[in-house]
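Using the numbering used here, read the sequence shown as starting at 62 and increasing by one per residue.
Ideal Cβ positions, reconstructed from N, Cα and C, are used throughout, including at glycine.
Here is the structure we will look at, set down as structure tokens.
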Amino acid sequence: MSLLDKIFAGRKPPQDDLQQRSRDAPAAVDADGTEIYEEDLVSHIMQELERRRDERAVLELQWTLNANFLAGHQNCDINIASRRIDDEQYVTKADNERRVYNRIAPLMETRHANLKSVNYDMVVEPRSAEMDDYAKAKVSTKLLTYCQGDTDFQAKKDKLISWAELTGTAFTLSFWDPNRGDLIANEGAVYDEQGEIVRPEKPIRTGGLDFGLVSSYEVFPASLCVQEIRDQHDIIIEQVRDVGEIYDLYGIKLQGRMMETYVLTPMENAMTGHGRNNIAIGMSKEQVEDVEKVVTYLENPSRDYPKGRLVIVIRDAIVYYGDLPAGEMPIVAVKSKPVAGQFFGKSPIQDLIPLQRTYNRIVNKIQDYVDTIAANPLIAPEGSIANLDELDATGIEPGTILIYRNVGDRPSFLQYPDLPSTVLSERDHIASDMEYVAGVSQLMVVGATPSGVTSGTAIDNLRQIDNTRMSLTADNIRDAVIAMARVWLRLNKEYSSGYRTMQIAGSDDAGYVYTWCADDINSYDIRYTAENELRHSKDQQRQDFVQALQLGAFTDDNGQLSKSAKQRARELFMGDSASGDAFTLDELQRKNAARENAFLDQGVVPERYRYDDDAIHLEEHKKYALSMDYRLLRKAMPQYAAAFDAHIDAHEQALAQKQNAMMQQMLAAQGGAAQNGQ
62 MSLLDKIFAG RKPPQDDLQQ RSRDAPAAVD ADGTEIYEED LVSHIMQELE RRRDERAVLE
122 LQWTLNANFL AGHQNCDINI ASRRIDDEQY VTKADNERRV YNRIAPLMET RHANLKSVNY
182 DMVVEPRSAE MDDYAKAKVS TKLLTYCQGD TDFQAKKDKL ISWAELTGTA FTLSFWDPNR
242 GDLIANEGAV YDEQGEIVRP EKPIRTGGLD FGLVSSYEVF PASLCVQEIR DQHDIIIEQV
302 RDVGEIYDLY GIKLQGRMME TYVLTPMENA MTGHGRNNIA IGMSKEQVED VEKVVTYLEN
362 PSRDYPKGRL VIVIRDAIVY YGDLPAGEMP IVAVKSKPVA GQFFGKSPIQ DLIPLQRTYN
422 RIVNKIQDYV DTIAANPLIA PEGSIANLDE LDATGIEPGT ILIYRNVGDR PSFLQYPDLP
482 STVLSERDHI ASDMEYVAGV SQLMVVGATP SGVTSGTAID NLRQIDNTRM SLTADNIRDA
542 VIAMARVWLR LNKEYSSGYR TMQIAGSDDA GYVYTWCADD INSYDIRYTA ENELRHSKDQ
602 QRQDFVQALQ LGAFTDDNGQ LSKSAKQRAR ELFMGDSASG DAFTLDELQR KNAARENAFL
662 DQGVVPERYR YDDDAIHLEE HKKYALSMDY RLLRKAMPQY AAAFDAHIDA HEQALAQKQN
722 AMMQQMLAAQ GGAAQNGQ
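What follows is the structure, given as structure tokens:
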């Protein structure tokens, strides 16, 4: 039974109003048999929620300040007394510049682009050396690949990176959705005595895995000083959800209310100097309509509760009380920069804010200097200008006729000294410091090398430093994704019933259907199929390949480049999509033979084709016959393995016949040459 099925089962609250339920009956029974009353449990959860909200208030202000600076609303700061973000009061002249020159946004976009390029393909290691465990690990690997595609992992990954970079921490919440999967049957509609539909026809499905993103604003841990989720006693999640979404998830109809939540909105009265207002986008609390709060209490497994506890509260009423799904905390933290001894991570924006303030001040001072020169202030003896009142009102505009009394009293422009070079160098220094703090450089941001860096070795070192610093965040994200994948496997094992099928695309661009059951999941040892690309980027792989090629690592005794090395060169320098157009006839033969190997796993026995190159097909088929996958196939489907062995024999016989024919031709040619010689 799935999580949502459990919510709908048993004591289900009335559809119209949760507040009308009687709360005198016990909500549940504790591990030692003590009755737990709903009012007491809800009161405890809500009191804890408010305590944790107050404890976490300063962090929440910092996240909001990060969002404002990223969005461009940077003339603001934290007001500890009022616990809000206030606009900074401008105490100098109103005609001074106060503009924002946002460097944080492009730096964070660069970080996001690099983190997005990291590969997240995973493989499950077998639990033991038994062949059956190898087969189950293969099924689990395919299941993870299927789950990534079915849950739209790539699109959600981008949002996950954005939230982790903004607040320092993002969270994923995995769950089993009974409304996903294949359609099994339709539950009939329910009618009242007058024949009107009370509940429409409901489709019954097999269910499927899904996961959602949870922001740091919505997560309240038991302690801010406990770093890992598994070490927390419990975690409370408070979400403001649309009443329609609540009905879809829990089947409860509610009258929505107006509540406050964090949203990006235009900020008013954002003064930019010269008496002008500018509309800036910033993060603030705003009122939203037709919503309701959903409070989820997740308690880690303990002695009293070996499978943990999950409590869902809507409008001070419990809509679900029970064990954690699969007996494990389904929430995973994704941290940009972990902080030792702290539950929440740290955002790079937090370190960039002081530098951004300084950068804005310097550039605004430079602009003030330019504006002052452009205003063309005049020096004139008193009484020498006849139309002084008019000039005071309009200033010196293009085409203005200046009337002065005597030639000796002719006004002159005020001379300004040149802008000190230290001001410009300080601006460049701050800009460079921001790149350093963000973990990027000019090479990564704009593709230009810093001043003085000209040698190829220095540029390579700079690129490697950039990738190494960025790879720390990428490793944190990859570790979190593996933790989430373990939750996925446990949820599939817990809630999948009977045999199920999944469609997935293979490496040879063909679609396959895999049949599996919950017993096939017995290992949670997961690793990535590829190294972190930020540690060993494509450029570095190309350079390593060229160096190995120059050393002769890919050539045979005759100095010829191997076919596999040529294929690797196409992948590195032309990309997978372009290499298909460059296939030689031999490479097409290898690809065709590999496809036959893959089809065998689906029960399709290959037949020798008239255009097959027997030597190449024989080599590829024997490679597959020596693999663990083929041994598993031989054990599971011996008839297919026997047919494949016969297919290999057919290639060997055809190759032997061709070789014999060539030998006969050579002998005949030698005999003819001998007769001509006589």
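Judged by their CB atoms, Val-352 and Asp-384 are not nearer to each other than the 8 Å cut-off. In the structure shown, the three-state DSSP call for Asp-384 is coil.
For Lys-398, no alpha helix (DSSP H) encloses it, and the DSSP letter there is neither H nor E.
In the DSSP assignment, Cys-137 falls within the beta strand (DSSP E) that extends over 137-140. Taking every protein chain shown into account, the CB of Asp-479 has fewer than 16 other CB atoms within 10 angstroms, so this residue is exposed. Nearest neighbour of Val-393 by Cα position, chosen from Arg-547, Gly-369 and Val-301, turns out to be Arg-547. Rounded to the nearest whole angstrom, the C-alpha separation of Arg-160 and Ala-166 is 15 Å.
According to DSSP, residue pairing for Pro-264 in a beta bridge involves Asn-247. DSSP places Glu-158 outside any alpha helix (DSSP H), giving it a letter other than H or E. The C-beta distance from Asn-553 to Leu-270 rounds to 6 Å, short enough to fall under 8 Å.
In this structure, the beta-carbon distance from Val-185 to Leu-205 falls below 8 Å. Per the DSSP secondary-structure output, Trp-577 pairs in a beta bridge with Arg-561. Gly-406 is positioned such that its CB atom lies closer than 8 Å to that of Gly-229. Its Cα nearest to that of Ile-543, the residue Tyr-589 stands out among Met-531, Arg-561, Asn-583 and Tyr-589. Relative to Gln-108, the option among Ala-283, Asp-238, Gly-268 and Phe-272 whose CA is nearest is Ala-283.
Here the alpha carbon of Ile-106 sits roughly 12 Å from the alpha carbon of Arg-114. At the C-beta level, Pro-399 and Asn-537 come within 8 Å of one another. Cβ contact annotation for Ala-715 (same chain, cutoff 7 Å, sequence separation greater than five): Arg-669 and Asp-675, in chain order. Per the DSSP secondary-structure output, Glu-347 pairs in a beta bridge with Thr-322. Distances from the alpha-carbon of Asp-580 to those of Lys-197, Asn-136 and Thr-125 put Lys-197 closest. Around Ala-654, the same chain offers Ile-677, His-678, Glu-681 and His-682 as residues with beta carbons nearer than 7 Å, after the five sequence neighbours per side are excluded. Selection Thr-534, Ala-630 and Glu-226 evaluated against Gln-604 yields Ala-630 as nearest (Cα-Cα).
Here the alpha carbons of Ala-118 and Lys-627 stand approximately 59 Å from one another. Counting C-beta pairs with one atom in each stretch, the segment 270-279 and the segment 425-435 have fewer than three that are closer than 8 Å, which means they do not touch.
Taking the C-beta atoms as reference points, Gln-135 is found nearer than 8 Å to Asn-421. When only Cα atoms are considered, Lys-203 and Asp-219 end up about 23 Å apart. The alpha-carbon of Tyr-691 is positioned some 60 Å away from that of Glu-257. In the displayed model, Phe-474 falls within a strand according to three-state DSSP.
A residue is called buried when at least 16 other Cβ atoms come within 10 angstroms of its Cβ; Leu-315 meets this threshold and is buried. In the DSSP annotation of this structure, the continuous segment of the alpha helix (DSSP H) that includes Ser-493 starts and ends at 482-499. The continuous beta strand (DSSP E) containing Met-183 extends over residues 183-185.
The C-beta distance from Arg-144 to Leu-176 rounds to 32 Å, too long to meet the 8 Å contact threshold. The beta carbon of Val-287 is closer than 8 Å to those of Gln-293 and Phe-404 in its chain, skipping five residues each way along the sequence. DSSP places Gly-305 in the helix class (H, G or I) of the three-state scheme.
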